[in-house]
Amino acid sequence: MTALSPLFLWLIPLALLPVIIHLLNRLRYQTVQWAAMMFLRSADRDASRRAKIRQWLILAARCLMLLMFLLALARLQSKGGLARFFDSGSNLVIILFDRSASMEQSRGGVSGRERALRLLSQGLSELGPGARVIWMDSVTGELMPLPNGIDLERLPMVQASDTSSDLSGMLRSALQEIARAGVSKAEVWIPTDRQASAWLPDGANPPDWSEWEGMTTQVTLRLLDVAQVQRDPGNRSLQVRGEPQWNGQELALQMRLYRDRADAESVPLQIDFGGLSLREELMVEGQSFTWEQMLPVSENQTQLHAEITLPADSNPADNRIAVSWKNSGAILVSVESGDVEVDRVMSAALLPQPGLREPAPAGSRLDENIDVKVSELSAALSAEEQKWVEEGGILLQVPSVTDLVAVGEDDYGVGIESWEEISGVLSTEQREPLRMDLVRVFEAVDLPESGVSLAELESGTPFLTREVLGEGVVYRLATLPIPDASNLDAGYVLVPMLQRMLLEGGRMGGRFGTHALGDVDLGVIGEWSSMGDPEASPLLNVGRYRAEGGVLALNRKEQEDRRETLSVIELKEWAEPLDLRVFEDRTEVDTELTSRFEYTSLLLLLAFVFLVIESWLLTLNVRRPSKKTSAWSVA
Amino acid sequence: MASKAHSSRPFLDAGVLSRLSRMAYEVNNPMLGSITGMHRSATRGSSVEFAEYRKYVHGDDPKNIDWQVYARSDRFYIKEFEADTNLRAYIVVDSSGSMNFDSGQGTRFDFARNVASHLAYTLVKQGDAVGLHCCSERETVDLPARQAPSHLHTYFDLLEGMKAEGESTLAEALHGLAERVQRRAVVLVLSDGFIPAPELLSALQHLCFCRHDVSFFHLLDPQELSFDFTRPVRFVDLEGGADLVADPSVMQSTYLDGIHHHLEALKEGCRKFQIDYRQALVNEPFEKALTSYLLGHAGMFGKKGGGRK
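Chains as they are written, first to last, in the numbering used here: chain A, -2 to 632; chain B, 111 to 419.
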């Protein structure tokens, strides 16, 4: 219990003033010669006993009245205890519960999620009876009223999951609910491990909460910090990176292992695929270790579904990944540029890619397993091409030879000014940029303005554009891979670029692959069953699931593997201008889950009650002996 | 005699004496006096008022035979007449310390002295004998009843010299008086009655048992009945007991209940024993109380005949 005006506490001895005055009055008595002492002694001995009790009760009432008044002036506050019965508390409490994989990080056998549940249970038990509690968890994102006295740990929506969370979006939903509820006071409780990706998804800037600043509701954010102060030195996590590479005999998975430790050690890996269970020892070094995991896949095998697991550690949620690879089969390529030389070069560039079918025969229909088509550049697609692209086809349009015009002022041509280096068709499988700086263009055409420019010539005109249509993509190239037009035929750009396009087309041709939890619409995949843990759910858990269209491999979102956390100061800045208060673990430091209750009104009421009691006691003492006196005097 | 007697007495008021001189004191019961007086005697006498006839017995004086009745009935009858006699009155004044209580209206003892002196004067003037008995722990005065006017000097001297002090011995004094006075008499008690009611009533009952005509003047101060103190008071016992510091507001109700019950008990006890109970407030004129007593005493309990009409 604290006092907002503690100086008044020094005046508490003044509450004894009535007693002091009473004692002083007793000392200042008058002396009277009295005859009827026998009655006085009797009254003093017998009946005055009750009267004396009443007199002391009056004094006590006066003292208590003064005491209550002084305490009211001191503005006492408290949490818990009596405050539970008198505190109106928050009219509305919304709990934003983070069920992401990072919350499973444990210390001393207790995960952050379990600590959060304990703190929440304690906080809920201290809430005033009038408070309404609403629950929202990061998996379902739905608002659900919580009845009083409910055991949180037995609820299904508090269980662990491998999902990621977006606290920013959840908070926005909570604020909308508060605004809709129209309450005068509301609190949002957020148990969190302060993982940056949960507060700032995709590295975004802090959200703008200014629109909620003028709310009539007094909103307080209460942060229940369950961050593990010191990570378990043995924690490891697993990631799969990039696309699998298949060489006809083996599938190469780009893997990465994160560790808290940095020393060299041997990590056992368990690999389950095709009904087999392999165990391999992996020698790792450093905190981030990348390697290529080879899985045997025969030439006739068109798909692979694997699960790779690390031994359990302090966070079991990041120890497992699932992989689903589907060989889309021979990619049918149709090259119809209208120029024989171009067709030859393009076909040659495509040849190194294994699994390609022969070029489609002339006049074949576009919907017959043709995944990639190279056609002549045109301003508008034909209706047939439009439909084909929208269903997932990749179309590369190149200009007609006759349309090419010279660029640059000399025979040296122009180079590529800027290009998308990291991703897309201008990078390798290993995310390494192509040598676009070596490309020289002598003749080119102006590309249509539709689409996004992926690379531009020094003259400022687009070199390569990308337009998404439905599920497919249309790439447009401004020049041709022939010596008169450019040096693209050298191969160091054209070949990987075309192969990337083929891969993209091949991937889009398959319905199932490796997905992130939450990115798959369960309503679309239809009936499903777990291929591993029978209790697992594609909504919550990493793993392989058999769905109507094939096998589904679900993994954590990449953001869950980011280790960065936000400091308390950064979180306060994140929440501005909202009022965010951080409370540590109640068992370790001073924390407050419930709002404080100020006793001023209650104390003033008590002072008034004592005043009424004192008046009532005084009234009880008043006798009107005058009537009796007159009666007695009549003999 | 009278003027000389009261001229130097501070407690005698000539005006009151003058007004009282037109009144007579009558009693309820026949008296046994020593001389002829104005009160009905318990024996037959020689007054002019016929009492009864009775048969002649040997030894009767033949002169009292009614010869006319003998002539008519041939039998001897004695004709008897009422006797008139004087009375003996004992005035008992409580001279304990509590009689000195003064709330600014005059002391109770002064009031008692006024009543005792004026009543004695009235009685002696009408030929009755008056005695005085003052009682307290410190001093006891016992003056036998005399009807001689000169007796009043002694009476007043004793009364004037009395001081109210010490604890009350009223009950013992009344018991002693009942034992000492053999012939029926008038006993008038002037006291505050601040002794336990059963004790006082027992003493008064003893007097009644001895066929005395008993009257009790209960002298009270208004402050004793109102107890209207507002501040803490140290009460000093006028009879020498321990002091008591008390808050009157705390004990007022209990005190008033106590004194009320005491007065009711005395009043009820006196009514039961046919004692003339008179409550007098000392702030009122004593003449009023005395006049009321003189006028109302004879018919107090429906009895007549104590005095000559």
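Heads up, the beta-carbon is just placed ideally off N, CA and C, and yes, glycines get one too. If you're wondering where the values come from, they're calculated on a predicted model, not measured in any experiment.
Contact with chain A by residue i, beta-carbon distance below 8 Å
| i | result |
| --- | --- |
| Tyr403(B) | no |
| Pro342(B) | yes |
| Ile201(B) | no |
| Phe304(B) | yes |
| Glu282(B) | no |
| Ile385(B) | no |
| Ser208(B) | yes |
| Glu378(B) | no |
Residue interval of the beta strand (DSSP E) (run including residue i)
| i | result |
| --- | --- |
| Gly241(B) | 239 to 245 |
| Met383(B) | Met is not the amino acid found at residue 383(B); the sequence shown has Phe there. Taken as a continuous stretch (DSSP letters only), Phe383(B) belongs to no beta strand (DSSP E), as it is neither H nor E. |
| Tyr542(A) | 540 to 544 |
| Trp385(A) | It is not in any beta strand (DSSP E) - Trp385(A) instead sits in the alpha helix (DSSP H) that spans 380 to 387. |
| Gly300(A) | One detail in the question is off: residue 300(A) reads as Gln in this sequence, not Gly. Start and end: 300 to 306. |
| Val355(B) | 354 to 356 |
| Trp416(A) | 413 to 416 |
| Lys554(A) | Here Lys554(A) belongs to no beta strand (DSSP E), and DSSP marks it neither H nor E. |
Supposed contact pair residue j and residue i - C-beta distance, whole angstroms, cut 8 Å
| i | j | result |
| --- | --- | --- |
| Ile268(A) | Glu277(A) | 7 Å |
| Tyr163(B) | Lys189(B) | 6 Å |
| Leu423(A) | Glu417(A) | 5 Å |
| Ala313(B) | Ala274(B) | Not quite, the Cβ-Cβ distance comes to about 19 Å (not below 8 Å), so this is no contact. |
| His243(B) | Val202(B) | 5 Å |
| Ile305(A) | Asn552(A) | Contact flag wrong, Cβ pair sits at about 10 Å. |
Status (buried if at least 16 other CB within 10 Å, exposed otherwise) for residue i
| i | result |
| --- | --- |
| Asp184(B) | exposed |
| Ile9(A) | exposed |
| Ile175(A) | buried |
| His168(B) | exposed |
| Ser311(A) | buried |
| Ala(-2)(A) | The question names Ala, but residue -2(A) in the sequence shown is Met. By the neighbour-count rule (16 or more Cβ atoms within 10 Å), Met(-2)(A) is not buried but exposed. |
| Leu273(A) | exposed |
| Lys323(A) | buried |
| Glu394(B) | exposed |
| Ile288(A) | The amino acid at residue 288(A) is misidentified as Ile; the sequence shows Trp. Trp288(A) is exposed by the Cβ-count criterion. |
| Arg233(A) | buried |
| Ala124(B) | exposed |
Where residue i meets chain B, residues with beta-carbon distance less than 7 Å
| i | result |
| --- | --- |
| Leu30(A) | Here residue 30(A) is Gln; the residue named in the question, Leu, does not match the sequence. What Gln30(A) touches in chain B: Phe211, Val346, Leu348. |
| Arg219(A) | Under the 7 Å cutoff, chain B gives no residues; its nearest Cβ is about 56 Å from Arg219(A). |
Closer than 8 Å to chain B by CB, residue i
| i | result |
| --- | --- |
| Arg578(A) | no |
| Lys625(A) | A caution first: Lys625(A) carries a pLDDT of 38, below 50, which makes its placement in the model too unreliable to give a value. |
| Arg59(A) | no |
| Pro622(A) | Here the model assigns Pro622(A) a pLDDT of 44, short of 50, so the residue's position is not dependable and the matter cannot be decided. |
| Gln74(A) | no |
| Arg129(A) | no |
| Gln52(A) | yes |
| Lys49(A) | yes |
| Tyr26(A) | yes |
| Leu8(A) | no |
| Pro15(A) | no |
| Asp148(A) | no |
| Arg115(A) | no |
| Asn145(A) | no |
Under 8 Å from the C-beta of residue i: neighbouring residues of chain B
| i | result |
| --- | --- |
| Leu37(A) | Phe345, Leu354, Ala356, Met361, Tyr365 |
The alpha helix (DSSP H) enclosing residue i, as first and last residue numbers
| i | result |
| --- | --- |
| Ala475(A) | No alpha helix (DSSP H) holds Ala475(A); DSSP gives it neither H nor E. |
| Thr211(B) | Looking at the sequence shown, residue 211(B) is not Thr but Phe. First-last for Phe211(B): undefined, no H or E at that position. |
| Trp571(A) | 565 to 572 |
| Ile92(A) | Counting along the chain, Ile92(A) falls outside any alpha helix (DSSP H), though it belongs to the beta strand (DSSP E) covering 89 to 94. |
| Glu338(A) | 337 to 347 |
| Met19(A) | According to the sequence shown, residue 19(A) is His rather than Met. Taken as a continuous stretch (DSSP letters only), the alpha helix (DSSP H) holding His19(A) covers 14 to 24. |
Under 9 Å by beta carbon: chain A residues contacting residue i
| i | result |
| --- | --- |
| Glu397(B) | Those within 9 Å of Glu397(B) in chain A number zero; the least Cβ separation is about 16 Å. |
| Glu334(B) | Trp31, Ala32, Ala33, Phe36 |
Partners in chain A for residue i, counting only beta-carbon separations shorter than 7 Å
| i | result |
| --- | --- |
| Gly351(B) | Met34 |
| Gly368(B) | Phe36, Ser39, Ala40 |
Partners in chain A for residue i, counting only beta-carbon separations shorter than 8 Å
| i | result |
| --- | --- |
| Glu275(B) | Near Glu275(B) there are no residues of chain A at all, since even the closest Cβ is about 12 Å away, more than 8 Å. |
| Glu190(B) | In chain order: nothing, as chain A lies at least about 40 Å away. |
| His372(B) | Phe36 |
Neighbouring residues, chain B, relative to residue i (Cβ below 9 Å)
| i | result |
| --- | --- |
| Asn22(A) | Arg341, Pro342, Asp357 |
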